[in-house]
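As structure tokens, the structure follows; a few thoughts come after it.
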Amino acid sequence: MDGFNLRHLTLAIALSSCMGSVFAATSNDFVDNAAAGGIAEVEASKLALEKSASADVKAFANMMISDHSKANDELAAIAKQHDIKVPDSTTLVKQAKEKILDMRDESFDAAYANNQVKAHEETIKLFKKEADTVTDDRVAGATELKGFAQKMLPALEKHLDMAKQLQAAHPSK
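Throughout the sequence shown, residue numbering follows mature numbering (1 follows the signal peptide of the UniProt record, and there is no 0), covering -24 to -1, 1 to 149 in sequence.
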């Protein structure tokens, strides 16, 4: 893998992994982390469509783009309705550049599959925490965000199962 492609892969995977490091304590924290993760999933999956030759990786990437784009739109609508700011892509790129991942020993498909497992495990923790919070109606959008998290968990768990299958099909060398 040349340096240019490695930098793109590292950026996409860093974007995808940056979203789970801080778990939500407020509606704004949940929105920030969920939006970052959703955007990162889409971007990493777009890169997978460009770089992978594997049909199963491309099918999974297309599903990630479709599902996470819909979820991102729904989250943005809830945030807008309650005047909660959603981070922009410039902020996410900055966060990604602060993370350094060494992936020279992995194929793109293995790196993407491994990242998808990790990212979905972190996202599920984030969404479970939000889904299990006691709702405070004084916090803008708290009820809607809790409902959003509860609604999204089954799909995220399905994505994790599929990512684990992808990981098994494309092991690290």
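A virtual CB, placed ideally from N, CA and C, is assigned to each residue, including glycine.
- Residues of the same chain with a CB within less than 7 Å of the CB of residue 62, apart from the 5 flanking positions on each side, are 7, 11, 52 and 55 in chain order.
- Where residue 49 is concerned, the enclosing alpha helix (DSSP H) starts and stops at 31 to 57.
- Between residue 28 and residue 103, the gap from beta carbon to beta carbon reaches 9 Å or more.
- Taking a 10 Å sphere around the C-beta of residue 23, we find 16 or more other C-beta atoms and assign the residue as buried.
- Residue state for residue 130 is assigned as helix, using DSSP reduced to three classes.
- In terms of Cα proximity to residue 37, the closest of 107, 117, 14 and 110 is 14.
- If you check the CB distance, residue 19 and residue 95 do not come in under 9 Å.
- Annotation: residue 25 to residue 133 spans about 22 Å, alpha carbon to alpha carbon.
- Cβ-Cβ separation between residue 142 and residue 43: approximately 15 Å, too far for a contact (criterion under 8 Å).
- Boundaries for residue 149: no alpha helix (DSSP H) harbours it, and the DSSP string shows neither H nor E there.
- Shown here, residue 109 sits in coil according to DSSP, grouped into three states, outside any helix or strand.
- With a 10 Å radius around the Cβ and a threshold of 16 neighbouring Cβ atoms, residue 46 comes out exposed.
- Taking residue 128 as the centre and dropping the five residues before and after it, the same chain places the C-beta of 47 and 103 closer than 7 Å to its C-beta, in chain order.
- In the three-state reduction of the DSSP assignment, residue 85 falls in the helix class.
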